[in-house]
Each structure stands twice: as C-alpha cells, then as structure tokens.
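Visitor: As given, the protein sequences belong to chains A and D, one line each in that order.
In terms of this note's numbering, the first sequence opens at residue 308 and continues consecutively.
In terms of this note's numbering, the second sequence opens at residue 2 and continues consecutively.
All C-beta atoms, glycine included, are put in the ideal place defined by N, C-alpha and C.
Just so you know, these numbers come straight off a predicted model, no measurement behind them.
Pasting a structure below so you can have a look.
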Amino acid sequence: MRGTRAAAGAVALTAVLLAACSSPAPAPAPAIQAAPLPDIAKLVPSVQKQITVQHEYLKARLTDPTTTPTDRSNAFGELAKLFMAAQLPEAAEAGFRTAQSLNPDDYRWPYYLAHIARTQGDLPKAAGLFEEVLRRRPDDMDALVWLGDVNLAVGRPESAAPSFARALTLDPNSVSARYGAGRAALATGDYRKAVALLEEVLRLNPKATAAHYPLSQAHAALGNQEQSAEHLRLRRDGRIAPRDTLMVELDSLLESPQTFESIGIRRLDDEDWTGAAEQFRKGLALAPDNAALHHRLATALNLMGDEKSSRAEFEIAITKDPEYFPAQFSLGVLLQADGRHAQAVDRFTAALRVRPTYTEARLRLASSLRRLGRLNEALDEYSQAMAGAPERSEARIGYVMVLTKLRRYRDARETLNEAAAAGDLVFTHALARLLATAPDASVRDGRRSLALIQQMLEKGRTLELGETYAMTLAELGQFREAQSLQRDLIAAADRAKLPALRRRLVERLALYDRADPCRTPWTDDEMP
Amino acid sequence: MRFADAHRAPLWHHVSHGARGWCLGLTLSLAACAGGDAAPPTVVDTPSGPPADPSVEWFTDEAQASGIDFIHVNGAAGQFYYPEILPPGVALFDMDNDGDLDVYLVQGHPLGTPNANPELRGRLYRNDLEVRPDGSRSLRFVDVTAQSGIEAVAYGLGVAAGDVDNDGFVDLYLMHLGGNQLYRNRGGGRFVDITATSGTANQPGFAVSAAFLDYDRDGALDLYVGNNVNYRGLDKESICPNPAGARDYCPPQIYGGIRDRLYHNEGDGRFTDVSATALVGLRPAPALGVSTADFDGDGWIDIYVADDGADNLLWMNQRNGTFRESALTSGAAITAEGKAEASMGVDAGDYDNDGDEDLVMTELTSQGFNLFVNDGAARFRDQGAVSGLGPASMPYTGWGTAWFDYDNDGWLDTFSANGTIITLEGHDRAAFPYDQTRLLFRNLGNGRFEDVTARAGASFALSESGRGAAFGDVDNDGDVDILVGNDAGRARLLINHVGNRQHWLGLRLVGGPGDRDQLGARVGVTRSDGTVLWRRVRADGSYASASDPRVLVGLGGTNAVSAVDVWWPDGGREHWPTVPVDTWTTLQKGSAK
C-alpha cells in the first residue's frame, strides 16, 4: 500500500489515546475521543446527515460516563460502517480499529477490516484479518470462503483448500465454497476433483456461470476437449461469492439514490418486484430527476403487471434525460408489443443515436421497420446488425427474411449458402426452408432441401424442422407423407400448448390436402 | 414463434437438443491452459541482480536536468470528463537518425473550451547526447516543437511510432480526442501532417494506443488502432456518483464500445481500413494497450489487445491477410478465475527464456497484474498469482509497463507506472487526487518476481498519476531507461545507473528500402555458455506509448556471445557468428556473412 497509504494524508476519524501523565505511576484509563469528521462535503446531503448524526451519537456516548465499552465500540463501528459504505476506507479502518480495541471479542470489526484490506489489494493483511475472525467464530462461513479466496489470489491454493473444505463440512450446499474448492483443486493440478466440484456447483446453481471457465480448463487438462469447448462457450462473467450478511447490510446502509438503486436491482434479481419498486421510489424521493431510477421503477412496475404506470415511468425517464438510451429502448419494446411500430421506430432510433452498438435495439428497429413495410430500411438495419454482431444469428435470419419479402430469393439463397457453410445449423435449416418453398422456381431445389434436412435430423428434431420437412416432401410431390407428418406435428404442438404454431400447421396441412406445395417460406409471425 | 427461436422450441418427438445442440462449438486445444501441469520455466542461470551498493540509486529522474521541463495538463476542473483520466502517452524514438533517442510528449488542455493556450501542445524534444572519449556522457534535450511542423494542439491521448514510408525516418501517429494525426518524418527534424491523404484519422474513434506491424509481409508497416469507448462528446458526458453520491470518473462501459481498426498500408502513402474483412468477428471493446508479437512461432505477427473490463483480444494471424480472434480459447482473454479484468498496459516478451512470447498486463486496484505464460503454441496459463506479480501489485492501478531487463542479468523484469481512477481519500484537495507510486519487479528466474521498488531510488517513491511509459537506452550506455508520462503531472526520465554493470549486447535490426527498424523481428542471442535469449524488435506495447525499437540484451554472468540469429518479419532468417558486446551494433538485413 505504498502508494495510496503514503500519500493518503490525514486519517479522517481516529481514536486518540491520551495518556494522562507520563510518570511510571499506574496510568489512568485512556480517554478516547472522536476525531473530526473527514471531508464529506461531496457526498449527497442525506448521507452527510447520516454520518453527522452518527458522529454526534458517538460523541455523546464518549462523554456519557455510564456508557459501556461495548456500547462505545458499537458506536465507533457503526460510524465506521457508514464511512466504509461511503468509500472512505481510511476513516473506516480507523473507526473499526478503535471499535475492535474497545471490544476485541466482536468478530464484525476484523471482518470489515478484512474487506477493506481486500478491496485495497492488501491480501496478506486481509488473510490475517479473516483468520482473526475465525479465531472468534470458527464456523463463520463467509470468513472461511473469503479466506480461501484470498489465499487463491495470492497463489497459495494449498492454503486455500482447507478453508473451503471446512466451509463445505458446515454447508455442503454452499456454492461459493464448492466453487472455491474446485478452483483450488484446479490450481493444484487435481483436475478430476476440480471437474467434480465445479460440475456440482453448476448443478446446485445453474446461474453460477462463472464456474464454466475453470471447469473448461479442468476438462482441457484431462483431454476432454469437447466438454472443455462446451463449457468455454457457456462461460459468462459473474461473481460467485458467499452470502455475506454483514457486507450486504453494509451495502444497504446509505440513504442515497445510488444505494437505493443497488438494493432495488438486487430485489429485481431476487424477482421481488414490489420490493424493488419500493427501493426505486425511495431513491426517487431523493433524486426525482434521476432517469435511471425512473427506468428501473418502470421495469419493476412492468414486471408487476402494471403496464400503464410502467409506460408512464419510462416516458418520465426519457423526458428527464433523452440520452438515457435504456429507457428509450424499453419504451420502444412496449410500443412494439402494442403494434405501435412507428412510435417504436422513433424510440429505437433514439436509443441507437446514443449507443450505435446496441444490437438488440437495432434488431428491434429492423423488425418494426419491416412490419411498417419499410423493407429497404429494415434490410439496412439488419445488415448493420450483422456487421456489428456477427454472432447474432437473428440478424442474418432477419436479413434473409426481408430479402424474401422483397422477392430477392436468389440473394436470400446466396446469403444462406454462405452462412450455412460456416456450420451454424440455424442457417442450414433456413436454407432448406427456402429451397423447399421459394416462389422463384430457379431458387427451389427440393432434393437439396431434403438432403440438408436429413443431415439435421441426425442431430435432433424440432417442430419447426419437422414443418420444413413436410414442406420439402410437398415440394417433392410426396403429399401423403407431408400430410402424415404435418398431423404428427399438430399433435405435438397441441401437447406443447403452442396455439399459434398449431394454427400455422393446420393452414399448411390444408395446402397439402389440396396437393399444393407451400410457397411462403416464412409467415409474418415467424419473422423476428 | 419466430423462426430464429425455433431451436429453443418444445421438441418434436421429445428429443432434447435446444439451441445449444445446434452449435458446433469451438475446437479447442487447451491442454496447457488449465494451470499446474506445465513444466516450470527453464532456469539457465541464477540471476545475480544489481550490485548491492546502497550509495547508488538504481534510477534517478533526469527530466528537468536534461531539459525536459514538461508538465502535462489534463484540464480537470471538476467536470470529470472521461478523456482526462487516460493520458498522457510518451514516445522514445530516433527522429533524426543520429543514434540517440528523442522524445515526444503528449499534451492536453482544459476541456470544454477551445485550447486558448498555444503552449499546450504535444512536445518534441531532440536528444543532444554528448558522449566523451572517456565514455562519460551528458544528456541534453532541446524543445524543437516549434520548428518540427508538428501541430498537436488537440487534446492528446497517446502516441505510436513507425516508419510508414520506408524512407528511414520514423513517423509519428498521434492519438487525440476528436481525431488522430499521422505525421510523416521528412528528416532533419521536420514533420508533415499526412492524416488526410493517408486516411488514418480513425473517425469515429477514440484511441489511446496503436501499434505498427507488417502483418502481411509486404514490407510496409500497417497500423492497428485500439479504440476505447464510443465517446460522444463533452456535452454528453455521463455522471457517475459513488454509493454516497460523490462524483468520480465513469468506467468505460458507460460509454459503450467501439471497434478497433486495422489499417493496411498500401505503400503509396495511403492506408485502407481493412477491419471488416481482416479482423473476422471484430466487436466493440474498450481497448487500452496493444502489443504485437508472433505468439505461436509461425513467423507471422499476431496482435494482443488489453481491454478495460472486457475480455482481452488475441488476433492470430492467419497468413492470408486476416486474423482470427482466439483469446478465450487460448487462455489469454481472462484470468484463471474466469474474470475479465480492467487491463490497461500490456507487453509481450520471453520472461522465462523458453523462446516464446509471454504477456504481462497491468490492472485495476485489487485485481493484480496478470502474467500469461505461453507454451509456445499461443496457449497461455495465468500465472499472475503464483509468480508473485499479481499479489504484490494488487494495491495499484497500473498503466504503462514492459518486459525489460533493467539489471542486464538476462531475465526480463517489469515496471509499471501507476495511478488510480477513483479519488483517493485524503487526496481530494490535490489538483488530481489519483496518485500512486511506481513499481519495479525483478525476475528471479524461477517463475517468480520480487518487488524491488523500495531499492530502486527516490524517483520510485514519488506518488504521481502515472500513465504512459516508454523504454529505451536514452543515454546509450547499455541499459534501459524509462520515460514516464504523468496525468496532470511532470514527465519523468528515469535514468538507469546499474544495468550496464553487467555485460550487454545492443542491436539495431534494420532492413528494406530505407533501412528502417524491422518491427517484429526476433533475435536469438547465444551466450558464451550456450544458452539462448530470444528478444524482439518492438516499439509498441506498454500504454499509449512508443518505445525504443532497438534490442538490448543483458548477458548476465557471460561476457560474450557466440551467435546471433535473426528471424526477420518477412520470414527470412540470418545468422551472425559473432557480434561485439557492450556496444550498440546495427545488423542490416541481408548482410550476414
């Protein structure tokens, strides 16, 4: 901590231990004072008030002779928690140190100190403090997992493993402990153990997608290249951390718009829509012009089913800040769902003006343009989406579908030929569909379509692939087989409770019943 | 149901495959990526380290004394404009071919108003190094900006250097807010702005780092520009308060990404943006550092991009004018834990002397610097934690960095210029409260590093907002010096006083029509004890900066070399049976006996 600490200047809050005299006579109990507050002028008034109130409370406890050391410790600790939450780590550290000196048995103070050290990058100090917590509470799950995590980060997996193992004996279902144990096994070269532990993490919580990356590495080390590739593909950024009651409480401590927003987001993650809305409203009470909070509230209201209020909040958000593109996008989505495509186009366009790389907005814009019959504009948007996010197959599929709407079947075929050559079966399927149904006879090729479908059937079967299969059979004049297959598909759609698909299947069955082939590659409801 | 969603539909005949089943996935070869299974680095000798003479400061700051009286102005005045947090880059390059390194320093100015101060512009300093017959020397820099033709009055971010027209004079690519500039060096310390005719303005774009490389072996240096964010202008700046409502600089994710650019040098003064066709699968990402090297040993130069808070990129040269992005499958995108970190500076170098290019990256506070160790086939293992580099650097936010052998012991060490991006408590009355001290790590030759900052001298105890760093032998005395750019602070020239106490080999590798520096060439130096050290000609890497393209090889305990092998970037190879040590030598392509 040479850098930050050396130049950090005055510590904001400290306990000053004042020796009353320097003679060798028995020293009186040291007096403890609260140091002046650090500079809090840049904090929002509500947080300033919280801090000054707690500071006054602390001073009152210190001057009250009846206050016990434990109460004083708590008063110091509570103020330090506010400092920590307000990202004033040095003032917080001083406060927690004093709290700890007044009540050495309270595990909370070294726990918070450990997190301060961890976030400042002083991992050896953090490890020592987590160990201190564990001396007071040997079964503290959070401290065990964090201690293991810190040891992993400093390259000591052999020291990390016992912490995770101990945590797992206390709670075998702890995802964070198991994840840590898996990473420790990986780091020590015990790949089989790593695979077992990390696969169990994903079984316990499939949302723990961060586990895919170390799992991929463990599989690779074992020579399981296919599994490795699959887990690499599934890997997403994310954190797998212990429940951490103390830190969650601390993160919720400040009465600031940002804190209420954070809490609200956590509520959304927990699917507590009402709780989320409540937090966002608290934030808006402090910051009524905050577009992000209006947007979040609108999202929560929408999830609660209150579409009218939701839409109003989205509109307020973009009034407060027209550059706040998430609200522009969300409002566009609502308008699009209502079939108000012209207005939706305006919203998506506004979002893209701010964030041109927002692929989801561009795809939605293209879709609304297509539905408005502005096909060339839609084609251009899909084209831009393809260039910007080549991994998004929807962009290329949308592009092809608009080409078919423009009767540019040859262009559609060439686009799909190229895309299918790269191996993505979505495009192979689309190509088979086009070859079976294109109104342009020079584009149709029933035999090639059949060959493609047979390849795909080896990999698996979906209702839509079956639908294309039936179209191909009809194109080849095998109407009886097409009818039979179509009836199977209708039954499957019934079982799966897919009425829209059923309706489409029935309409196409009527064609086959009349010995007519299908000449509509995709209906509007199949298009993005 | 939409057609594109069809493969996520309930299943016909109840056979589950779903969308994932359709994807063919990636062919991986990650056997060495998982950590813990590779052989330890080959140890060929024991590093002896610099002499333990406490009276000698390893590095001293000689900037002002030598005439570089430069203070960077970032214009920060409480508006928290994102560009303020990124500069400045710095460059060491020999603009006049007089054999010593000149200096270019990126400058800013107050944002939100036009630059009213003509003095606030990028500065060019000529090195008038004097070496006397007894070997003593004196450094003197002269500000030659006014007569240079360089008009860098826009808000500067970074700089890259390379001879784009093969005339033997190193040209400068300056990265600015609002558009980059390419200055052709006409010789004699005169430059001319060829941005418009070359087509290299990088607009729309926002770049701090770029690299020159000849990726298609046509003999002309192409240009990779790493773009950071989609910065839409000062009037559209975002506001990013912390949980207590105190405002600070926003992270790059707030602004959205923008794609990097690859410019192909057409050889006639024009560059063509080939990003769409050459960088297959290019996506917007917040690039900060760029380093080019041949990571898989196939003789073709690849590109590594350090991204801020997103997966880093590894563009593998496909030898047909295109690249394939393969950082994730190569183990070089994210940490062993699976996290994308905030990578800032980066460099490639053979830190373990096993003949391939390893990567070092500087990161955000509490993340720790990364060390990605190459197995020779561009498969990497994250060894940041076990090397000691990660844990020791965790309190720091690092920027400019490099592999360089400061003590000439034959092992590449590393340095970082540091400074936070979050206001430091207790510093908030400072003009720019983001300062940290620098770091120097010594390579112990066993895969581990020792933090030797405390022994490096008083200049390492200065707390400043370090950003760019360029590396090179500024006084031509046989060891690597460091030029550091500080955000809203004074430029520092850290002169090395200990490296040349061990023997060294200094090489300049030139070739082609103008005898330009052969960026990307690899040189294998066989020492008298039979061990071989592989180094590379490069001016890129670090952060926003350009370094000395010459190769300085510390020889450690040996005092002679028995061979020098050069692998030129066009695929040609040459062998020199002997090259003198403890002096600088130019090896010209095609001149080996």
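In three-state DSSP terms, what is phenylalanine 636 of chain A?
Guide: Helix, per DSSP.
Visitor: Nearest CA to the CA of alanine 211 of chain D: which residue from D/Asp348, D/Leu235, D/Glu238 and D/Asn501?
Guide: Selected option, being the one with the closest Cα: D/Asp348.
Visitor: Using DSSP's beta-bridge definition, name the partner residues of serine 1 of chain D.
Guide: Here chain D covers residues 2 to 594 and nothing more, so residue 1 of chain D does not appear.
Visitor: List, in order along the chain, the chain E residues whose C-beta lies closer than 9 Å to that of arginine 542 of chain A?
Guide: Included in the structure are the protein chains A and D, with no chain E among them.
Visitor: Check whether the region 512-522 of chain D touches the region 385-402 of chain D, taking contact to mean three or more Cβ pairs, one atom from each stretch, closer than 8 Å.
Guide: The region 512-522 of chain D, when compared against the region 385-402 of chain D, does not touch it at the 8 Å Cβ threshold.
Visitor: Three or more C-beta pairs under 8 Å: does that hold for the region 485-498 of chain D against the region 433-441 of chain D?
Guide: Yes, they touch.
Visitor: Using a Cβ-Cβ cut-off of less than 8 Å, list which residues of the region 419-438 of chain A approach chain D; keep chain order.
Guide: Answer in chain order: Arg425, Thr426, Gln427, Gly428, Asp429, Leu430 and Pro431.
Visitor: Say yes only if the C-beta of alanine 536 of chain A is nearer than 8 Å to one or more non-hydrogen atoms of the ligand NAD, and no if none qualify.
Guide: As for the ligand NAD, it is missing from this structure, which has no ligand bound.
Visitor: Looking at asparagine 477 of chain D and valine 132 of chain D, is the spacing between their C-beta atoms short of 9 Å?
Guide: Going by C-beta atoms, valine 132 of chain D is nearer than 9 Å to asparagine 477 of chain D.
Visitor: Any Cβ of chain A within less than 9 Å of the Cβ of lysine 590 of chain D?
Guide: Judged by the 9 Å Cβ criterion, lysine 590 of chain D is not in contact with chain A.
Visitor: Measuring only between beta-carbons, confirm whether glutamate 1 of chain D sits less than 9 Å from chain A.
Guide: Residue numbering for chain D in the displayed model covers 2 to 594; residue 1 of chain D lies beyond these limits and cannot be assessed.
Visitor: Along chain D, which residues have their Cβ under 9 Å away from the Cβ of alanine 758 of chain A?
Guide: Within 9 Å Cβ-Cβ: nothing; alanine 758 of chain A doesn't reach chain D, min ~18 Å.
Visitor: Select from the region 395-415 of chain D all residues with a C-beta closer than 8 Å to any C-beta belonging to chain A, and list them in chain order.
Guide: Cβ contacts with chain A: Met395, Pro396 and Tyr397.
Visitor: At the level of alpha carbons, what is the spacing between alanine 658 of chain A and glycine 257 of chain D?
Guide: C-alpha separation (whole angstroms): 12 Å.
Visitor: Does valine 750 of chain A come within less than 9 Å of chain D when only Cβ atoms are used?
Guide: Closer than 9 Å: no.
Visitor: Any C-beta of chain A sitting closer than 9 Å to the C-beta of asparagine 229 of chain D?
Guide: Asparagine 229 of chain D does not count as touching chain A.
Visitor: Give the residues of chain D in contact with alanine 392 of chain A, contact being defined as C-beta atoms less than 9 Å apart.
Guide: Within chain D, the residues near alanine 392 of chain A are Pro244 and Ala245.
Visitor: Just to confirm, are arginine 717 of chain A and aspartate 687 of chain A a CB contact at a threshold of 9 Å?
Guide: Their beta carbons are not under 9 Å apart, which means arginine 717 of chain A does not touch aspartate 687 of chain A by this criterion.
Visitor: If you measure from the beta carbon of proline 88 of chain D to each beta carbon in chain A, is any gap under 9 Å?
Guide: Not an interface residue.
Visitor: Could you name the residues of the same chain whose beta carbon sits closer than 6 Å to that of leucine 280 of chain D, not counting the 5 residues immediately before and after it, in chain order?
Guide: These residues qualify, in order along the chain: Leu263 and Phe324.
Visitor: Which residues in chain A sit within 8 Å of glycine 542 of chain D, going by Cβ to Cβ distance?
Guide: The contacting residues do not exist; glycine 542 of chain D stays about 23 Å from chain A at best.
Visitor: Would you check if the distance between the CB atom of valine 226 of chain D and the CB atom of threonine 198 of chain D is smaller than 9 Å?
Guide: For valine 226 of chain D and threonine 198 of chain D, no; Cβs fall outside 9 Å.
Visitor: At the 9 Å Cβ level, is valine 306 of chain D part of the contact set with chain A, yes or no?
Guide: Answer no: the Cβ-Cβ gap between valine 306 of chain D and chain A never drops below 9 Å.
Visitor: Does the beta carbon of proline 115 of chain D sit closer than 9 Å to a beta carbon anywhere in chain A?
Guide: Closer than 9 Å: no.
Visitor: Return the CA-CA distance between asparagine 266 of chain D and arginine 218 of chain D, expressed in angstroms with no decimal places.
Guide: C-alpha separation (whole angstroms): 11 Å.
Visitor: Can you have a look at serine 749 of chain A and say buried or exposed, based on whether 16 or more other CB atoms are within 10 angstroms of its CB?
Guide: So serine 749 of chain A ends up on the exposed side.
Visitor: Ordered along the chain, which non-local residues of its own chain (more than five positions away) have a Cβ less than 8 Å from that of histidine 602 of chain A?
Guide: Counting only Cβ-Cβ distances below 8 Å, and skipping sequence neighbours, we find Glu620, Phe621, Ala624, Tyr631, Pro633, Ala634 and Ser637.
Visitor: According to the Cβ coordinates, are asparagine 318 of chain D and alanine 328 of chain D closer than 9 Å?
Guide: It is not a contact, given that the beta carbons lie outside the stated cut-off.
Visitor: Whose Cβ in chain D lies nearer than 7 Å to the Cβ of glutamate 397 of chain A?
Guide: Neighbours of glutamate 397 of chain A on chain D, chain order: Glu426 and Gly427.
Visitor: Tyrosine 105 of chain D lies in the beta strand (DSSP E); which residues open and close that run?
Guide: Where tyrosine 105 of chain D is concerned, the enclosing beta strand (DSSP E) stretches over 103-106.
Visitor: For glutamate 630 of chain A, would you say it is in contact with chain D, using Cβ-to-Cβ distances shorter than 9 Å as the test?
Guide: Answer yes: the Cβ-Cβ gap between glutamate 630 of chain A and chain D drops below 9 Å somewhere.
Visitor: Compile a chain-ordered list of the residues in the region 644-669 of chain A whose CB is closer than 8 Å to at least one CB of chain D.
Guide: Correct list: Val661, Arg662, Pro663, Thr664 and Tyr665.
Visitor: Can you give, in chain order, each stretch of the alpha helix (DSSP H) that sits fully within the region 437-467 of chain A and has at least 4 residues?
Guide: If we require 4 residues or more, the alpha helix (DSSP H) runs fully inside the region 437-467 of chain A come out as 448-460.
Visitor: Given that serine 367 of chain D touches chain A, what residues does it touch there, using C-beta distances under 8 Å?
Guide: Correct list: Arg425, Thr426, Gln427 and Gly428.
Visitor: Quick one: any contact between the region 438-457 of chain D and the region 518-537 of chain D, if contact means 3 or more CB pairs under 8 Å?
Guide: No, the region 438-457 of chain D is not in contact with the region 518-537 of chain D.
Visitor: Our contact map puts serine 470 of chain A next to asparagine 458 of chain A with C-beta atoms below 8 Å; I'd like the distance itself, whole angstroms only.
Guide: Indeed they touch by this definition, with Cβ atoms about 7 Å apart.
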